[in-house]
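Read in order, the letters of the sequence shown are residues 39 to 440 in our numbering. Yeah, the Cβ is synthetic: ideal placement off N, Cα and C, and Gly gets one too. Okay, structure first, notes after.
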Amino acid sequence: MIQSTIDVTKRNIANLVTFSESRVDQVGWERTSNAETVIKPNGEQVVEASMMHLVRDFVAANANPSLIGSDFVDNNPEFFLDLWDVDKGFKWLATGLPAWLPIPQIWRAKIARSRSLNAVLAFEEAMEKAANGENPGQEWQYLENVGPVLAERLKLYRQLNFTMEERAALDLCLLWAMNANANMLVFWMLNHIYADKKILSSLREEIAPFVHAVQPKQLFGVPEPPRIDTFDHEALASKCPLLKSCYVESLRLDAATWSFRVMQENLVLPASREKDAEKFFLKRGTYTHIAHSIHHTDPAYFDDPHVWRADRHIKPEQEGEEVSVNMGTIRPYGGGHSMCKGRAFAQKETLVFIAAFISMWDMEPVGGGAWKMPSYKPATGVYSTNDNVRVWISRREDLPQV
């Protein structure tokens with residue numbers, strides 16, 4: 039899946055913004071971010087856009103073909119907008135409250151969920167037809183590029199005689215899980231990185247041997263956009279400690295995940311290892327909720343816990359050993375048998391998109407000046423925000439020419 043994501047991203051990262059003044063000529067993620075071409079006071083042409091919508095929707099459009107195929111993404115351009123509404127109203131949906139209550143988050147989420155489910159249902163029906171050797175329809179001609187995860191799930195669905203509705207519900211859950219947290223984590227990481235030019239410069243230098251962005255020379259008077267020639271995603275995780283440390287630091291600070299457990303036995307749990315520590319009695323059959331953000335911002339474990347520090351998790355280099363990144367006591371994906379099964383892909387995906395963004399594009403706040411971090415809004419995992427972060431986006435000017 040990750041190689042498919044890289045291939046799509048390499049094709050599209052040059053069109054993160056197109057500098058098109060007409061919305062008709064813009065790509066989908068530009069339109070949702072209200073992108074517009076402007077001229078800075080120094081005469082430079084840039085694109086002004088809402089950063090969260092731009093980043094979130096670009097990641098969705100370029101990551102999801104590796105899971106559900108290009109046909110689904112192309113056939114349902116509004117799908118991810120509905121998915122964001124489902125995510126906004128997720129906690130309300132979990133309450134089971136009826137849609138007629140005068141609470142906008144409920145009825146918006148229910149309507150969005152219904153539309154999303156219908157979109158996935160059409161996909162399931164097309165996949166079933168293709169599996170039976172039938173023509174799935176003109177709009178479903180590239181089902182062979184559906185990712186291996188859903189292809190294997192289809193085999194299991196057929197083996198267990200799942201209905202189309204059951205399949206659609208399960209795969210919609212998977213699509214929500216794939217997009218609800220990783221997309222926003224990329225947004226928060228980019229905020230931290232672009233806010234500090236030294237960190238941005240250090241990261242670009244660190245990833246340059248593995249993500250090679252170039253500017254083709256102009257031929258015949260027609261300028262060519264920059265491109266990424268090589269992309270070694272394995273090296274991003276194994277040979278770029280600062281990048282990986284940034285990832286862990288954003289998981290620590292920009293996410294507020296919870297773990298839920300049912301107590302199988304009575305348990306007396308001390309608050310710490312100290313002899314006279316306060317003790318809690320957890321009764322068998324009750325539920326335990328673990329708010330990881332409380333630990334992640336505990337000054338007993340992290341100095342200046344509310345400060346995002348890029349190199350916080352880099353393990354000091356030992357003689358004869360390579361520099362490494364240590365997760366320590368951070369558990370953003372939970373623990374035990376219920377630990378997030380997609381955590382390995384989520385890490386690779388996040389590092390790939392961060393590397394692609396910073397290799398090709400510069401960002402600064404509209405009007406210049408210091409970068410103001412958006413405020414947090416609690417969500418289902420990684421924080422969201424209500425702040426409209428408008429940024430100026432321009433192509434990097436220091437790329438090597440080829």
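Length of the line joining the Cα atoms of residue i and residue j
i	j	result
Ile231	Ile237	6 Å
Tyr195	Asn217	23 Å
Leu320	Val300	10 Å
Leu305	His327	14 Å
Ser432	Val440	20 Å
Lys353	Glu387	23 Å
Pro438	Asn50	20 Å
Ala329	Ala294	7 Å
Leu208	Asp95	22 Å
Trp214	Glu435	37 Å
Leu274	Leu188	27 Å
Asn183	Ser104	8 Å
Asp270	Pro264	18 Å
Glu262	Ile149	43 Å
Asn102	Ser108	8 Å
His351	Ser413	24 Å
Pro343	Pro370	15 Å
Ala417	Lys129	9 Å
Val345	Val76	33 Å
Pro478	Trp122	Given a span of 39 to 440 for the chain in the structure shown, any question on residue 478 remains unanswerable.
Gly134	Ala168	36 Å
Glu355	Ser362	7 Å
Ile106	Arg381	18 Å
Ser71	Asp267	28 Å
Leu54	Glu68	7 Å
Asp112	Tyr180	11 Å
Leu173	Gly185	A small correction: the amino acid at residue 173 is Asn; Leu does not occupy that position in the sequence shown. So the alpha carbons of these two residues sit roughly 20 Å apart.
Trp430	Trp178	38 Å
Glu336	Phe200	The sequence given here has Asp at residue 336, not Glu. Distance between the alpha carbons of Asp336 and Phe200: 46 Å.
Endpoints, alpha helix (DSSP H) assigned at residue i
i	result
Asp234	Careful: Asp234 lies outside any alpha helix (DSSP H) and carries neither H nor E.
Ile396	Arg381 to Met398
Trp122	Phe117 to Lys126
Thr70	Gly66 to Thr70
Ala206	Met202 to Ala218
Arg49	Ile40 to Asn50
Val103	Reading the sequence as shown, one finds Pro at residue 103 and not Val. Start and end: Pro103 to Ile106.
Residue i, DSSP secondary structure in three states
i	result
Ile352	strand
Ser276	helix
Val286	helix
Thr418	coil
Arg347	coil
Arg369	coil
Arg311	coil
Asp95	helix
Lys410	coil
Ala132	helix
Ile244	It is worth fixing the name first, because residue 244 is Glu in this sequence and not Ile. Glu244: helix per DSSP, three-state reduction.
Asn53	helix
Tyr195	helix
Asp341	coil
Val62	helix
Asn80	coil
Val111	helix
Val224	helix
Residue i - partner residues in DSSP beta bridges
i	result
Trp138	Paired residue(s): none; Trp138 is not in a bridge.
Arg433	Trp399
Phe319	Val306
Ser362	Lys353
Phe269	Val249
Glu74	Glu86
His327	Phe298
Ala147	None; Ala147 has no bridge partner.
Ala293	Val420
Leu257	Val260
Gln439	Gln253
Arg428	Ser88
Cβ-heavy atom distance, residue i to the ligand MG, below 7 Å
i	result
Leu280	Because no ligand of any kind appears in the structure shown, any question about the ligand MG cannot be addressed here.
Limits of the beta strand (DSSP E) - the one that residue i falls within
i	result
Arg88	For the sequence presented, residue 88 should be read as Ser rather than Arg. Where Ser88 is concerned, the enclosing beta strand (DSSP E) stretches over Gln83 to Ser88.
Any chain D beta carbon closer than 8 Å to residue i
i	result
Asn304	Protein chain content of the structure displayed is limited to a single chain, and chain D is not contained in it.
Handout entry: Contained alpha helix (DSSP H) runs [length at least 4] in the segment 153 to 193, N- to C-terminal order
Key = For the alpha helix (DSSP H) assignment, the segment 153 to 193 encloses no uninterrupted run of at least 4 residues.
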